[in-house]
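Residue numbers (the numbering used here): 45 to 309. For reference, the structure is listed below as structure tokens.
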């Protein structure tokens with residue numbers, strides 16, 4: 045039986061800012077070796093330089109919609125570190141979109157490509173190696189999809205974002221069932237409003253807004269525990285589930301005039 049390493053090997057996309065950066069800092073504090081992926085290599089370099097044991101971490105200036113480059117980064121990380129324990133598909137974009145505007149369709153495509161398709165492209169290169177590790181006696185691997193409370197019901201002005209995050213939730217559920225018995229746990233985390241550069245552009249109230257470092261602490265605990273799905277903060281999970289119970293006519297009435305994300309923001 046192969047013993048698992050004393051440290052975690054964690055691969056994170058969208059690591060240059062926001063939730064990804066906070067998760068990287070949290071895992072580094074716990075002694076993990078990290079693979080950090082984002083488009084902005086300069087920001088990744090600054091992040092890695094400020095982490096404990098910066099020489100241990102790997103940075104990859106990759107756009108997650110470039111699936112070939114993403115797979116190459118995954119292979120390099122596993123080769124350097126003898127495998128992987130946690131893969132977090134965190135890269136995401138949010139843009140206000142309205143279907144009536146033809147010029148929003150490319151934006152819609154970009155949001156779906158980044159938030160949904162890249163989640164599958166992030167996981168794919170790791171699955172075979174994780175199964176090998178589980179068969180060798182290390183059944184403690186995690187594939188983590190970062191969804192959103194916005195995926196629970198369609199929000200006005202956020203057609204692309206809500207659709208993509210709803211799809212992430214369903215995709216991770218399908219994958220979780222497929223991976224059952226393989227030694228790989230699939231974890232879905234649905235953030236509510238987290239204080240990051242992405243949410244700071246919102247010009248409407250954000251209930252239960254959570255500092256990103258607190259979110260990261262909670263998320264790492266959830267990932268370690270291997271929960272199937274969690275909302276963070278939990279209060280937004282209650283809100284989301286209550287909204288799912290509303291009949292469509294009442295939901296439509298309540299949200300038709302609600303403040304929503306502006307186009308392009």
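Glycine included, each C-beta is placed from N, C-alpha and C at the ideal position.
Buried or exposed (CB count within 10 angstroms, at least 16 for buried), residue i
i           : result
residue 67  : buried
residue 149 : exposed
residue 143 : exposed
residue 167 : buried
residue 294 : exposed
residue 219 : buried
residue 151 : buried
residue 74  : exposed
residue 126 : exposed
residue 279 : exposed
residue 119 : exposed
residue 241 : exposed
residue 256 : buried
residue 186 : buried
residue 244 : exposed
For residue i, the first and last residue of its enclosing beta strand (DSSP E)
i           : result
residue 174 : Element bounds for residue 174: not the beta strand (DSSP E) but the alpha helix (DSSP H), 162-179.
residue 55  : 53-57
residue 234 : 228-235
DSSP-derived helix/strand/coil call for residue i
i           : result
residue 244 : helix
residue 273 : strand
residue 189 : strand
residue 296 : helix
residue 135 : coil
residue 214 : helix
residue 196 : coil
residue 60  : coil
residue 302 : coil
residue 281 : helix
residue 219 : helix
residue 287 : helix
residue 262 : helix
beta-carbon residue i near the ligand GTP non-hydrogen atom, thresh 7 angstroms
i           : result
residue 124 : Only the bare structure without any ligand can be found here, which leaves the ligand GTP out of the picture.
Terminal residues of the alpha helix (DSSP H) in which residue i lies
i           : result
residue 105 : Where residue 105 is concerned, there is no enclosing alpha helix (DSSP H), although the beta strand (DSSP E) it sits in stretches over 102-105.
residue 311 : Because the chain here runs from 45 to 309, residue 311 falls outside it and cannot be looked at.
residue 154 : 149-156
Beta-bridge pairing of residue i - partner residues as DSSP gives them
i           : result
residue 130 : 54, 186
residue 255 : 239
residue 202 : 141
Practice item. Taking only runs that begin and end inside the stretch 69-99, name each unbroken beta strand (DSSP E) of 3 or more residues, in chain order. Key: 77-82
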